[in-house]
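Presented below is the structure to which this report refers.
Numbering (full-length UniProt numbering), first residue to last: 1 to 160.
See below:
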């Protein structure tokens, strides 16, 4: 018998063995033995939403104020752009060390674009989110685009 397990089968109880005594024709009898194992199915997941501040000033770009963040914005050439990176744990296990792994500016240039390595959360529980603000200073270019990537890890719940 075989079965494919999914995250819905988390904490599945699996039993292996011979549940009843068996008599064999060659005299080798087996008594009933069953081994039960609890299987933990982990499915880590991390989602990134990146938005740009439309408030016009650094002081007004509050990470907690959804009204000042958008997927697109017009930024004057030479001005600073403020980004909100929101990480959401979409998996079923806590994520550790959630941080920005890459922050790449294309079709433009900037004096500073240093969000790489910034910590977003030490621990991010399943279903929860955390956000940080990053700055790209002195942004120039016709249509610059800023791409980010996140990294994280998780601890095996049963490292045997």
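We put the CB at the ideal spot given by N, CA and C, even for glycine.
Owing to the predicted nature of the structure, the values given are computational and were not obtained by experimental measurement.
Which residues mark the beginning and the end of the beta strand (DSSP E) in which residue i is found?
i, result
"residue 161", "For residue 161 there is no data in the structure shown, the boundaries of the chain being 1 and 160."
What is the C-beta distance between residue i and residue j, in whole angstroms, given that I count them as a contact (C-beta under 8 Å)?
i, j, result
"residue 80", "residue 137", "5 Å"
"residue 171", "residue 86", "Summary: the structure shown does not reach residue 171, with the chain confined to residues 1 through 160, and so no result is reported for it."
"residue 100", "residue 115", "5 Å"
"residue 52", "residue 77", "15 Å between Cβ atoms; not a contact."
DSSP on residue i, reduced to helix/strand/coil?
i, result
"residue 148", "strand"
"residue 103", "strand"
"residue 68", "helix"
"residue 59", "helix"
"residue 153", "strand"
Check this for me: beta carbons of residue i and residue j, under 8 Å apart or not?
i, j, result
"residue 92", "residue 158", "no"
"residue 95", "residue 46", "yes"
"residue 145", "residue 106", "yes"
"residue 82", "residue 123", "no"
Let me know if residue i comes out buried or exposed under the rule of 16 or more other beta-carbons within 10 Å of its beta-carbon.
i, result
"residue 174", "Summary: the structure shown does not reach residue 174, with the chain confined to residues 1 through 160, and so no result is reported for it."
"residue 68", "buried"
"residue 152", "buried"
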